[in-house]
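**Q** This is the structure I want to talk about, given as structure tokens.
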Amino acid sequence: MSAAPAANPLLSAWTGPYGLPPFEAIEAGHFEPAFDAALAAHRAELDAIASQPAAPTFENTLAALDRAGRALTALEHLFSTLSASASSPELQAVQRRMAAPLAAHTNAIYLNAALFARVEALHEQRAALGLTPEQRRLLERVHLDFVRAGARLQGADRDRYAANMERQAELNTRFAQNVLADESGYQLVLRGERDLAGLPDFVRAAARQAALDRGQVEEGVHVVTLSRSLIVPFLTFSERRDLREQAWRAWVGRGDATGETDNRVLVRELLALRHEQATLHGHRSFADYALADTMAGRQSAVQALLDQVWEPAKAAAARERAMLDEVREQLGHDLSIEAWDWRWYAEKVRQQRFQLDEAEVKPYFPLDAMVRAMFDCAERLYGLRFVEQPQVAGYHPDVKVHEVRGEDGRLRGVFIQDNFARPTKRSGAWMNALRWQARNGIDALPIILNNNNFAKGAPGEPTLLSFDDVRTLFHEFGHGLHGLLSDVEFERLSGTQVLRDFVELPSQLMEHWMAEPAVLKQHARHHRTGEPLPDALLARLKAAATFNQGYETVRYCASALVDLAIHAREEAEAPDPVAFERETLERLGLPPAVGMNHRLTHFQHLFSGSYYASGYYVYLWAEVLDCDAFEAFVEAGDPFDRSVARSLLDNILSVGNSREPGATYRAFRGRDARVEPMLKGRGLVPA
């Protein structure tokens, strides 16, 4: 007699601490039955709202819509978290099977004519309803959600739109899984001292740990993976030019090879579908459609910002290239500098001109100390305390769970941090939520996650971060604070659910504190001796702060310009993405040895979903805001000025999307942002 199947923990209320799901009991096979139940429950809630005989009111329609589907939302948050951070072949199969049904459910919401009629009626009467500012904002945003999702389409156009969105969801899932497969499947195995030449101890330790994590237990074997925290140091230090080239080609070639993980065909189909989506909305291109709901508003505003930076960045990169060539000639190297050489020569320049060696810097930035540093900044700015809860299990042993308490001791939220790279985790760094803060019908405590991909140190040794790694840590924490400090009524307006060219402001603003001397002197201590970061080394770090920023800015802008260009096309048929990318970069005059941050075939910002499509520019747009915003602290004479921090909290971090972002920024700063602090910060104009 066979054993009875185990109960599905996803079909019961989650009774873990803080309402966390029972991670240890969850299996991939539990998700589809749970989704079936949650989708059915949400449909019933929506049908009840749409079919009620009472005339539409804010409470019985808008507030009810905001409350509906909370079980489904929780399940989707959990599923996306595990799919990104603790994937498996079984979970990926569920992802592929569920992509279209979940997209179909979204269509069923926004293409529900009776439901939209109620929202439309309220929107037409909005000036006479006596709504609070937040209620009016919810009405306007939800109405726009419906319109932008096709609610005004009729007949065949409506059917075509629904099919289009379901197909896009399937392709987004396949694109992301292909990139993960290329990343997790690559190993550059290093054997012996010849292969390890030039690599400092911290890179060797990370590469040895990567080997052990991948079952390469033979003594002396090291592995370089495509995790940014490992491949960038390898390209920076390895004396083996041939191995640098191998690693670089694998890194930039993700998704661009014939076989099961080839993303070229997927990108073409996604571009064609997005063009059709835009034309069904009456736009000439997807860029026009996507940018209509942003602070920028139109292509010309984005292009103007990128143009303002592109040529100065190329000029700065040319000056940097001259420095690199000078070192190359000193070393007697005849070969021209290629893309896999730039970081190696740049490190030589950094050592020679600024007396900076990353191997000297990294011991002062152990991960645990930098986590304490960012928690300390949050306490000094906003009165928050982060208290680790080691007894609370996450979805992986690497995961740490923290209570977040305010100055009054009140629980404000839960912060979950997952810092290390592993084969089952997608690359990059990101913030997401298991639960958004809200008060509509429930006092919802935010549960916010930060994911990074740092290369773990050897057993018993700390994980040492580069200065860029510390910046990434603080960046994602800025997103985390945006979610944790949200204080709004409605879930749709909570946390980071703001316009996409505003969402990066809190994250990029938080980066400023990681380089503050007061923070570094307190927390950047040598992991062996405990000695604080020496004043002389800090001075050299500051002197070198803008070195290689031409290179970094060109790489970023190249990706943003290609993104805008390929989505601005007005032709229905999509081009070959590799050829389009090459032709665009030639037209822009991209120096080949510099390259771009993300090629189209692995550009997850664009093709694992559409949120950043036509929108990779947002980091630069937000940098104008964040540099100008930090000037408020500079003007106050204290990076921890509590009155400025209070204004930042009250006017930006706590309000989510309950206000229009331009008005939100002006409420904090008293005016619109100025571009000059950003240009100075990148060293693109004289200080």
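Numbering (our numbering), first residue to last: 732 to 1418.
Just so it is clear, CB atoms sit at the ideal spot from N, CA and C, and this is done for glycine as well.
This one's a predicted model, so the numbers in the text were calculated from it and none came from an experiment.
Please report how far the alpha carbon of Q1168 lies from the alpha carbon of A1175, in whole angstroms.
**A** Mapped onto the sequence shown, residue 1168 falls at position 437. Mapped onto the sequence shown, residue 1175 falls at position 444. So the two alpha carbons sit approximately 5 Å from each other.
**Q** 7 Å is my cut-off, CB to CB: does A1344 come that close to chain D?
**A** Here chain D cannot be found, since the structure has a single protein chain.
**Q** On the three-pair Cβ rule with 8 Å, is the stretch 1092-1100 touching the stretch 1246-1263?
**A** Yes: the two stretches touch, three or more of their Cβ pairs being nearer than 8 Å.
**Q** Can you find the residues in the same chain that come closer than 7 Å, C-beta to C-beta, to M732, ignoring five residues on each side of it along the sequence?
**A** Position 1 of the sequence shown, counted from the start, is the residue given in the question as residue 732. The predicted position of M732 is uncertain, since its pLDDT is 35 and thus under 50; no value can be drawn from it.
**Q** If we ignore side chains and look at the alpha-carbon of each, how far apart do S1339 and L1037 end up?
**A** Along the sequence shown, read from residue 1 onward, the residue named residue 1339 stands at position 608. Along the sequence shown, read from residue 1 onward, the residue named residue 1037 stands at position 306. Their Cα atoms are separated by approximately 24 Å.
**Q** Rounded to the nearest angstrom, how far is the Cβ of D767 from that of R1330, given a contact under 8 Å?
**A** Within the sequence shown, the letter at position 36 stands for residue 767. Within the sequence shown, the letter at position 599 stands for residue 1330. Actually they do not touch by this definition, with Cβ atoms about 38 Å apart.
**Q** Enumerate in chain order the residues of its own chain whose CB-to-CB distance from L1380 is below 7 Å, with the five nearest sequence positions on each side excluded.
**A** Indexing the sequence shown from 1 puts residue 1380 at position 649. Same-chain partners within the cutoff: Y1113, L1216.
**Q** Smallest Cα separation from E776: which of R1223, E755, A802, L809?
**A** As a first step, residue 776 must be located in the sequence shown, where it is residue number 45. The candidate whose alpha carbon is nearest that of E776 is A802.
**Q** What residue range is occupied by the uninterrupted alpha helix (DSSP H) comprising I840?
**A** Start at 1 with the first residue of the sequence shown, and residue 840 comes out as number 109. Per DSSP, I840 belongs to the alpha helix (DSSP H) from 820-841.
**Q** Which word fits R1029, buried or exposed, when buried means at least 16 other C-beta atoms lie within 10 angstroms of its C-beta?
**A** Locating residue 1029 in the sequence shown gives position 298, where the first residue counts as 1. So R1029 ends up on the exposed side.
**Q** Here's a check: name, in chain order, each residue in its chain whose Cβ is nearer than 6 Å to the Cβ of L1421, leaving out the five neighbours to either side.
**A** Here the chain comprises residues numbered 732 to 1418, so residue 1421 is not present and cannot be evaluated.
**Q** Applying the criterion that 16 or more other CB atoms from any shown protein chain within 10 Å of the CB defines a buried residue, is Y1343 buried or exposed?
**A** As a working mapping, residue 1343 is identified with position 612 in the sequence shown. The residue in question, Y1343, is buried, as its Cβ has 16 or more Cβ neighbours within 10 Å.
**Q** Considering only residues of the stretch 1073-1144, which uninterrupted alpha helix (DSSP H) runs meet the minimum length of 4 residues and lie entirely inside it, listed in chain order?
**A** Here the runs fully enclosed are 1073-1085, 1089-1092, 1098-1113.
**Q** Checking the sheet assignment: what are the DSSP bridge partners for R1166?
**A** In the sequence shown, counting from the first residue as 1, residue 1166 sits at position 435. DSSP, once it has assigned bridges, lists I1178 as partnering R1166.
**Q** Helix, strand or coil: how does DSSP classify H761 here?
**A** Translated into positions along the sequence shown, residue 761 becomes position 30. Three-state result, H761: helix.
**Q** With distances taken from CA atoms, which of A744, A831, A1018 is nearest L902?
**A** Here the question's residue 902 lines up with position 171 in the sequence shown. Ranking A744, A831, A1018 by Cα distance to L902 puts A831 first.
**Q** Can you list, in chain order, the residues of its chain whose CB lies under 7 Å from that of Q918, leaving out five sequence neighbours each side?
**A** Residue 918 sits at position 187 when you count from the first residue of the sequence shown. Only R945, V954, T956 meet the Cβ criterion.
**Q** Quick check on this structure: which residue in K1079, R975, W1161 has the alpha carbon closest to the alpha carbon of E1069?
**A** Numbered from 1 along the sequence shown, position 338 holds the residue referred to as residue 1069. Among K1079, R975, W1161, the Cα nearest to that of E1069 is on R975.
**Q** Can you name, in chain order, every residue of its own chain whose Cβ lies under 8 Å from the Cβ of L997, other than the five neighbours on each side?
**A** As a working mapping, residue 997 is identified with position 266 in the sequence shown. Same-chain partners within the cutoff: L902, R905, F906, N909, F1338.
**Q** Where does the unbroken alpha helix (DSSP H) through L1215 begin, and where does it stop?
**A** Mapped onto the sequence shown, residue 1215 falls at position 484. Its alpha helix (DSSP H) spans residues 1198-1215.
**Q** Could you give the distance in angstroms between the alpha-carbon of L961 and the alpha-carbon of Q1239?
**A** Here residue 961 corresponds to residue number 230 of the sequence shown, with the count starting at 1. Here residue 1239 corresponds to residue number 508 of the sequence shown, with the count starting at 1. One C-alpha to the other measures close to 23 Å.
**Q** State the Cα-Cα distance for the pair E821 and R827, rounded to the nearest angstrom.
**A** Locating residue 821 in the sequence shown gives position 90, where the first residue counts as 1. Locating residue 827 in the sequence shown gives position 96, where the first residue counts as 1. Looking at the two C-alpha atoms, the distance is approximately 10 Å.
**Q** Out of V1406, A785, L1268, V1349, point me to the one whose CA is closest to L1087's CA.
**A** Working through the sequence shown from its first residue, we reach residue 1087 at position 356. Among V1406, A785, L1268, V1349, the Cα nearest to that of L1087 belongs to L1268.
**Q** Looking only at its own chain, which residues have a Cβ that is under 6 Å from the Cβ of D1218, when we skip the five neighbours before and after it?
**A** Residue 1218 sits at position 487 when you count from the first residue of the sequence shown. Within the same chain, D1218 has close Cβ partners S1385.
**Q** Could you check which residue in P1263, H1206, Q947 has the C-alpha nearest to that of A1100?
**A** On the sequence shown, position 369 is the one that residue 1100 refers to. Ranking P1263, H1206, Q947 by Cα distance to A1100 puts P1263 first.
**Q** Would you give the residue range spanned by the beta strand (DSSP E) that L751 belongs to?
**A** Counting from 1 along the sequence shown, the entry for residue 751 is found at position 20. Looking at the DSSP string, L751 is not in any beta strand (DSSP E), and its letter there is neither H nor E.
**Q** State the start and end residues of the unbroken beta strand (DSSP E) segment that holds R1059.
**A** One-based indexing of the sequence shown puts residue 1059 at position 328. Taken as a continuous stretch (DSSP letters only), R1059 belongs to no beta strand (DSSP E), being part of the alpha helix (DSSP H) at 1030-1061.
**Q** Going by DSSP in three states, Q1148 sits in which element: helix, strand or coil?
**A** On the sequence shown, position 417 is the one that residue 1148 refers to. Q1148 falls in the strand class under three-state DSSP.
**Q** Between T1203, A781, L806, which lies nearest to L770 when the distance is taken from Cα to Cα?
**A** To locate residue 770, count along the sequence shown from 1; it is residue 39. Cα-wise, what sits closest to L770 is L806.
**Q** Answer with buried or exposed for V1365, where buried requires no fewer than 16 other C-beta atoms within 10 angstroms of its C-beta.
**A** Counting from 1 along the sequence shown, the entry for residue 1365 is found at position 634. When all chains shown are included, V1365 counts as exposed.
**Q** DSSP puts V954 in a beta bridge; with which residues?
**A** Taking the first residue of the sequence shown as 1, we reach residue 954 at position 223. According to DSSP, V954 bridges with V920.
**Q** How would you call A779, buried or exposed, if buried means at least 16 neighbouring beta carbons within 10 angstroms?
**A** As a working mapping, residue 779 is identified with position 48 in the sequence shown. Burial call: exposed.
**Q** How would you label A735, buried or exposed, when you count the other beta carbons within 10 angstroms and need 16 or more for buried?
**A** In the sequence shown, counting from the first residue as 1, residue 735 sits at position 4. Bear in mind that a pLDDT of 42 at A735, under 50, signals an unreliable position, so the number given afterwards is only what the model happens to contain. Exposed is the call here.
**Q** Check each candidate in D913, T967, E897 and name the one with the smallest Cα separation from L927.
**A** Stepping through the sequence shown from its first residue, residue 927 is reached at position 196. Checking every option, the nearest Cα to that of L927 belongs to T967.
**Q** With H, G and I counted as helix, E and B as strand and the rest as coil, what does DSSP make of P864?
**A** As a working note, residue 864 is residue 133 in the sequence shown. It is helical.
**Q** For the structure I just gave you, are there three or more beta carbon pairs, one from the stretch 1179-1187 and one from the stretch 1148-1155, closer than 8 Å?
**A** Cβ pair count under 8 Å is three or more, so yes.
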